[in-house]
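Colleague: In my numbering, the protein residues as written are 10 to 524.
Note that CB positions come from ideal geometry on N, CA and C, so glycine has one too.
Keep in mind it's a predicted model, so treat the numbers as computed, not measured.
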Ligand code: XMP
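#1: Is the distance from the Cβ of residue 430 to the Cβ of residue 471 below 8 Å?
#2: Note down, in chain order, each residue of its chain lying with its Cβ closer than 7 Å to the Cβ of residue 25, except the 5 sequence neighbours on either side.
#3: Under 8 Å, with one C-beta from each stretch per pair, do the segment 426–445 and the segment 490–500 reach the 3-pair mark?
#4: Keeping to the same chain, check which residues put their C-beta closer than 6 Å to that of residue 248; ignore five residues upstream and five downstream.
#5: With a threshold of 7 Å, establish whether the CB of residue 196 neighbours any heavy atom of the ligand PLP.
#6: Could you tell me which uninterrupted alpha helix (DSSP H) segments, each at least 4 residues in length, are contained entirely in the segment 179–208, listed from first to last along the chain?
#7: With DSSP run on the structure shown, which of helix, strand or coil describes residue 363?
#8: At what residue ranges does the segment 370–438 contain a whole run of the beta strand (DSSP E), taking only runs of 3 or more?
#9: Taking all protein chains shown into account, decide if residue 481 is buried (16 or more other Cβ within 10 angstroms of its Cβ) or exposed.
#10: Contact between the segment 180–192 and the segment 142–156: three or more CB pairs below 8 Å?
#11: Could you tell me which uninterrupted alpha helix (DSSP H) segments, each at least 4 residues in length, are contained entirely in the segment 256–338, listed from first to last along the chain?
#12: Does the distance from the CB of residue 14 to the CB of residue 56 come in under 8 Å?
#13: Between the alpha carbons of residue 84 and residue 369, how many angstroms are there, rounded?
#14: Taking contact to mean 3 or more Cβ pairs, one atom from each stretch, closer than 8 Å, check whether the segment 509–518 and the segment 481–490 are in contact.
#15: Can you pull the DSSP bridge partners for residue 109?
#16: Going by beta carbon distance, what residues of the same chain come within less than 8 Å of residue 519, once the five residues before and after it are set aside?
#17: Should residue 380 and residue 337 be called a contact, given that it needs their Cβ atoms to be closer than 8 Å?
#18: Assuming residue 99 contacts residue 69 under a Cβ cut-off of 8 Å, what Cβ separation, rounded to an integer in Å, is found between them?
#19: Kindly examine the ligand XMP and report whether one of its heavy atoms sits closer than 7 Å to the Cβ of residue 85.
#20: Where does residue 357 fall in DSSP's three states?
#21: Kindly examine the ligand XMP and report whether one of its heavy atoms sits closer than 7 Å to the Cβ of residue 340.
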């Protein structure tokens, strides 16, 4: 039976991935395509429905992204969101004009057509998230207005006969509390999707796609021991077995005992069908990083060394055709690779290989997934729960948790302190699955007193953030006793530390990591 597919046409809106995520939460498969995708391609994909995203432009500007008028007469249900709703009004002959007052943020929404399938069960007065200056002033022939807000006479409209629906607001964001229901009504009730897409379906789709992409080629994966690369390894192992070579590079920036744990799961004793190679490159990384304090330079060096180690390992292994990476969607966004947004950090594991590297390309099967989806996938693939729910660990490892120049001594300090923090988190029963909890090493040294001696030692920073998407985060309100126990243990057990700080900064303005 053919899979139900919703296509999301991207007009440059910042929330396109959220739309995709919500659709998948309704257990419906979806794909995001550029607005320039031809009608022929769209039709050939046989979608059950199409969603038009928002975007920053004005529909009446001739240079703005647009779509073919024929799109609206294909007989395929369409939901236009924000800019997408304005296109649905403007192209078939309605009117869109700049409003006197922009609507931005939480806005009261009045449902005018409670019989609209989109608004089934939605209270007559609810709240939505608006973000627009232009607004629809006249609906095209055949449409009726189904909701309004104070400054937006057409907050929603529809032509039920042609199954065309439009909302000026953003149903995909959390601030529209009934938004997920509205999207569910569209994809399930209007488009008739069965809602049978699961992570197991993702696996079923990815396996042949990976097999087709790599053919009989060999794939080299950087296994870091984190959730993302481990899930990538498990998925690739399922798809291509021994064609997969997992290289675990001990760059000397791992958490305490991490190397052994990775080996136990993916090594010869571990039960996965793959080739596992353990490379000890500690000295090489420490040498390359010697005296380098600038965070971006450190990241670049770690990234470059990684690539080189792979190249060399690959050479030693004979021909390797592809490099696989555990890139997930937040990495893509924050690197500015997905949306054309600003580059916040150069996540070394996104954005292609340096020139003259002898691989055919990169395989990134998790590129469209959010963290919670990656975890669901890992569980589905049979990875141990402790691994799947392990806190994410950045590609550059402790390199982004040590401020200033990296030395083996600093690595030891942060490893020991982090291990104590993790132990106490478990002992106090803290659920670390909802964020990231770790120790970082500041580049501050200060005077202290231990016994009768003056000390001039480092300050360890404990960082605990709650987040689901890792794009925004708030500091966890950890029990004071836990913090106090950690402080006591760290200053007593980890030589070289005489202060423990707890970072309560949210993201933004801070980032999660300390570098
Ligand atoms: P920040 O510090 O930017 O981190 O708030 C957001 C999330 O990304 C992780 N992170 C990385 N992950 N390669 C990765 O795979 C990287 O270079 C990298 N830098 C940060 C960080 O641990 C957090 O989960």
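Modeller: Result, derived from the coordinates:
#1: yes
#2: 17, 19, 41 and 62
#3: yes
#4: 216, 219 and 220
#5: In the structure shown, the ligand PLP is absent; the only ligands present are the ligand XMP.
#6: 188–193
#7: Any reading at residue 363 needs caution, since the residue's pLDDT is 46, under 50, leaving its predicted position unreliable; the model's value is listed next. Coil, per DSSP.
#8: 370–372
#9: exposed
#10: no
#11: 267–275, 291–298 and 304–326
#12: yes
#13: 41 Å
#14: yes
#15: Beta-bridge pairing links residue 109 to no other residue.
#16: 512
#17: yes
#18: 7 Å
#19: no
#20: Any reading at residue 357 must be qualified, since the residue scores a pLDDT of 44, below 50, and its modelled position is unreliable; the value itself is stated next. Residue 357: coil per DSSP, three-state reduction.
#21: yes
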